[in-house]
Structure formats: structure tokens, C-alpha cells
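Heads up: the protein sequence lines correspond to chains A and B, in order. Numbering-wise (our numbering), the first sequence opens with residue 1 and increments by one. Numbering-wise (our numbering), the second sequence opens with residue 1001 and increments by one. Even glycine gets a Cβ: it sits at the ideal position worked out from N, Cα and C. Here the structure is a predicted model, which is why all the values come from computation and not from measurement. One structure below.
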Amino acid sequence: MVQSKKQRFLFLAFCLGPTLLVFSVITLYPLVNGLYLSFFEWSGMSIEKTFVGLANYEKLFNDPIIPQTIWHDYFLVVTKVIGIMVLATYFAVALTQFRIKEAPFYRIVFFFPNIMSVVIIGILWQFIYNPDAGLVNSGLEAIGLEEWTQPWLGDLNWALPSLVLPSVWAGIGLFMLLLMGGIMSVPKSLYEAADLDGATEWQQFWRITVPMIWPQIRVSIIYIVITTLNGSFIIVQIMTRGGPSSSTEVMGSYLYEQAFEQFHFGYGAAIGMMILVLSLATVAVLQLVLRRERVEL
Amino acid sequence: MRKALMQTVSRIPLVVWAVIVIYPIIWMFLGSFKDYGEIFRSPWALPEAFEFDNFVQAWNDHGIGRSFVNSLLVTVLGCTLCMLFSLPTAYAIERIRFRGSKVLFNVYLASMMIPMVLGWIPLFFLLLQLNLLNNLLALSLIYAVTQVPFTVFILCSFLSGVPRDLEEAAAIDGMSQYGILFKIVAPLVTTGIITASIMNAVMYWNEYFMALIFLQSDEKNTLGVAMDLLANEAEYTNAWGALFAGLTIAIIPIMVIYAIFQRNITKGMTEGALKG
């Protein structure tokens, strides 16, 4: 290609410049500024910000709500990882290896909630949990388990576990597809050899499928953890607003409340930093833990 | 015999989950045709009559129509802007050798892992200072930029599969690099552009939290915020029928898109997750 250095530079600038500029202003600057803001006390109303050093972080460590929000977030992380991985793995295996004729139907249906608005999901599940007319309670009554009926989302102990099912419902399809992709790329000869050796299907699953799709399993788990720590507050905000009496408050919803409802923007930014640090640390630990079991073929 | 039994048993979880997924959606459709009394009197039955009163009410009286148009605007504008930002960057990263290309790629990659909430506070005040709060164009721009990393990855992976012959031939014929990018390369990665844009469109159409923070008036609300408001309102006004109609209106475009682009969507999402 015949082109001068200057032309080349101009083209490169044309390709990268505008994007990098808007990306810096809208993504990078806010992150850095978020860190900066966390050292200030600021109501957002006045131009004056008061530098308070680490006071917001001190407040963070002494705030009794914070440990609860962290615990709630990790409760959701663990239950979602278990729920989604168990079901998604079963569905992925069933749809690829059980020779089910209508497999494409299930694949299409199970994935659909992944592209539904979380607002719609939240509202629908509020109705499913509705104490009077909801599906869960009327179902329990229908099979004679009246004493198990609950006000679900209104109950201090049940509200948080009740959020797990909608999250699993909404997330499962993507991971099912990821795992299906992994399973389909496992060489058939492995299973045939195992069959000849008399391995049961259960053994084949643990000895062949799981080790072979371990990369997809790892990615799925990490992806669920990141999206939960960074995004669990959205379903919380829609379904319970953190209530009843902060029994479902997670880090993100607490940040939103502190910053945009009570106008403690500096404190909100400190909570944001905490979310960032916790999610990066969790992912780092997971990478380490999940990396060990690797098979070489 | 045993095999047939196993087949049936292994199907049970699939059937149960399919019901759990489909039932609430059907229920929402049916509810959108019922009036208040009917929803609570016979929540599981078919509606007594298929009338569209709820839809008219949701569209006109509850602001769903207005927010439908707003959502359409931010979705289309967001997708267009995102593609204009992402395609040249992806092309440069994938095809032009320059120092720092790997670093740039990794900066975009890493930003996908960072919680957006942290950025929302400064972004809110940035928009406030620029007098761009409650502005649908500003929201579209923000949407566009938030999806740039994802879109760059998808496009890079499609670009890496396109042979360079055509570009080289065009360069020998004296076509400028700009011409090559827009007239030769862009058509070659149409599938990638569609895949990424569909994914982005679904994201923008469903987005709720940024719209909640950055939009401040009923006239500007997008569907996510409008539905949430309507749901809260319904607790006092009992406008459940209108609420279900609103949800149905919001979900229909997604269903149509899914029906048409099912393959692109599943491919785009799995690739995005694998890279991210």
C-alpha cells in the first residue's frame, strides 16, 4: 500500500480518536472521578465539596447496613451460581445428548427470558409471589400445603431467597447455550470409547463432559459472579426496593439510595469503590480456584 | 423399555422449566385483556372478551405510547452511534499495525468488567453541568458508548475471519483507506454488524437504571421507567389491566426481533460472554 506516514496517522486518528474521546469522557473519566469523589462530603447541591479524607471509608466500616448488603450480595452470588449452573448443565446435556426431538423448542424458550426487560421480569414475578392471587401461594393451596404459604416478598426471611428464582429464570438460557457449545465440540470418539469400556452415562458425564467443558463452566461461573455483584441491585430495585426493612438491600441498591435519594454523593462513591474492589477481588480468587482443574487432551 | 422410560423421565425437568418460563408470559398476555375484577376473580382463565381497552388506556393515559416512541428513538440512535464509533476502531485494531493496539484492546476489554454504578454519580453531574440531563440524545450517546467495548469485540472477531484480498485489491486500484473501510470492509462484515446491533438494540430497549437516573420527566421517560412507574401507580389505582397491556406492548418488539434474528442473538450473546 502506497501511503505517506502522515496519511496513515490521519487515518488511524480518524478510526480511533473520536471513539477514544467519547469513551474517555463517558466511561473512564466517571470511574476516576468516582474514586476522587469518594474522598469528599458532597450533597450535590452546592459547588462546594468538602474534602474529608478517608471519612467516607471510615463510615463504610462502621455502617451496620454495609455488612448486611455484602452478605445479601454474596448470598445471591452463591445461590445463583448453584441454581444456574446445575440447571443449565442439566439442560445443556439433555438438549445435546438425550436425542430429544423437540430440543430446538426448549432451547428457544429457555433463552427468551435473557432478552426480556428486567422491569417486566420483576413485575411478573411480583405477581407470581403475590400473597393473595399469586401463582406460588395458590399452587401451594391447591396441593394442600396452606401452611407453607408466605407473603414471600413481604417477609423478612423469605424476601431475599425469593429473589433467587427470578434471577435464575432470567439468566439460565445464556449459560445453557455456552455449555451446549462446549459439549458439541467434545469429540464423539471419547464417548464411543467410554461406551466400549462399559462406562455408565453418569461416569461419562463426570469423567468426560465436565473436564472437557471446564473452560465454559469457568467462564459461566465468573460471568454470573460479575453480573450479580455489579447488577443484582436492578432486580432488587424493581421487586422490593431493598425492603422489607433492608432485608434485601444489596450494595448497588444501597449506593443508589445513599447517592440519588439521600444525596450523600461522596458516600455513594465510596460504596461504589467497595463494589469495584470486592468484585475484582472475588474474580481474582475465582480465577485461581477454578484454574487448577485443567485437562490436557 | 427402560430406555423409553429414561427418555420420559429426563424430559420432566425440561417440560417443567418450559412451563415456568412460558406461563408467566402467557398470563401477562391474557391479563392485558382483562379488567380489574376479572384479573383477581379468575386469574387463570381466558379473558371473557378480547377487547383492546387496556391497550388504548396504557398507550394514551399511562404514557406508554410516548415512552414507546422515546425508547424507539434512543434504541435506533444508540445503535447507529455505537456502530459509527465501533467499526472504525475494530478495523484499526484488527487490520492496522500500530503501537499500543493490544493495550487499547485490553482497555476496552477490562472496562466491561467494571461496575457501571460507580461511574453513574460523576456522569450524572457531568450531564448536569452540560445541561444535558433529561435529554434523550445525551442518553443515546451514553448508551452507544457503554456498548462500544462489546461491539468492538464482536466486530473484531468477525473481521479476523474476512480475507484481506479484497482490501488489497482495492488499495492497488487506488481506493483511499476511508473508502476501503466503508465501501469494502463494512459490507463484508454485515453479519457482524447485524449481530452486534441486534444485541445492542435489545439492551437499549430494555435498559432501566440509567434512564431512571438521567431522565427526569414523564415526557422523556423510556419504556423501562414508564413501566416501573405504572406498576407503582397500579398499586393505588388498580390499573392492572393497563399495566399488563403496557408490558405486552413493550415485549412485542423483542419477540418479533427474537423470532427473526434468533441465531444472531444467541451467537452474539455467547461470544460476548466468552470474551468478556
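Identification of chain B residues near Gly44/A by a Cβ-Cβ cut-off of 9 Å yields Ile1121, Phe1124, Phe1125, Leu1128, ordered along the chain.
Looking at the DSSP output, Thr50/A shares a beta bridge with Glu41/A. According to the DSSP assignment, Leu1141/B belongs to the alpha helix (DSSP H) that extends over 1136–1146. The shortest C-alpha to C-alpha distance from Asn1106/B to any of Cys1156/B, Phe1068/B, Phe1125/B is the one to Cys1156/B. The Cβ of Phe265/A sits closer than 8 Å to at least one Cβ of chain B. Among the CB atoms of chain B, none fall inside 8 Å of the CB of Trp214/A. In this structure, the alpha-carbon of Val1185/B lies about 11 Å from that of Gly1192/B. In terms of CA proximity to Phe40/A, Gly53/A leads the group Ile128/A, Val32/A, Gly53/A, Tyr29/A. Look at Leu1072/B: its C-beta is not under 8 Å from any C-beta on chain A. If only uninterrupted alpha helix (DSSP H) runs of at least 4 residues are considered, those enclosed by the region 224–258 of chain A are 251–256. Phe1050/B and Gly1037/B have their C-alpha atoms spaced approximately 15 Å apart. For Ala1245/B, the CB contacts under 6 Å within the same chain, skipping 5 residues up- and downstream, are Ser1032, Asn1054, Phe1055, Ala1058 in chain order. For Gln1262/B, the C-beta contacts it makes with chain A under 7 Å involve Ile108, in order along the chain. Under the Cβ criterion (8 Å, minimum of three pairs), the region 1082–1096 of chain B does not count as touching the region 242–256 of chain A. At a cut-off of 8 Å, the C-beta of Pro131/A has no neighbouring C-beta in chain B. Annotation for Gly1063/B: Asp1218, Asn1221, Ala1226 place their beta carbon closer than 7 Å to its own, counting only its chain and skipping 5 residues before and after.
According to the DSSP assignment, Ala142/A belongs to the alpha helix (DSSP H) that extends over 135–142.
Residue state for Gly1246/B is assigned as helix, using DSSP reduced to three classes. In the displayed model, Trp148/A falls within a helix according to three-state DSSP. Within chain A, Ser117, Val119, Ile120, Ile123, Leu124 have C-beta atoms less than 9 Å from the C-beta of Leu1247/B, given in sequence order.
At a cut-off of 8 Å, the C-beta of Thr27/A has a neighbouring C-beta in chain B. Shown here, Lys101/A sits in coil according to DSSP, grouped into three states, outside any helix or strand. In terms of CA proximity to Leu135/A, Tyr1023/B leads the group Tyr1023/B, Phe1150/B, Arg1066/B. Contact between the region 93–109 of chain A and the region 1239–1255 of chain B is absent, with fewer than three C-beta pairs closer than 8 Å.
Gly1161/B counts as exposed, since fewer than 16 other beta carbons sit within 10 angstroms of its beta carbon.
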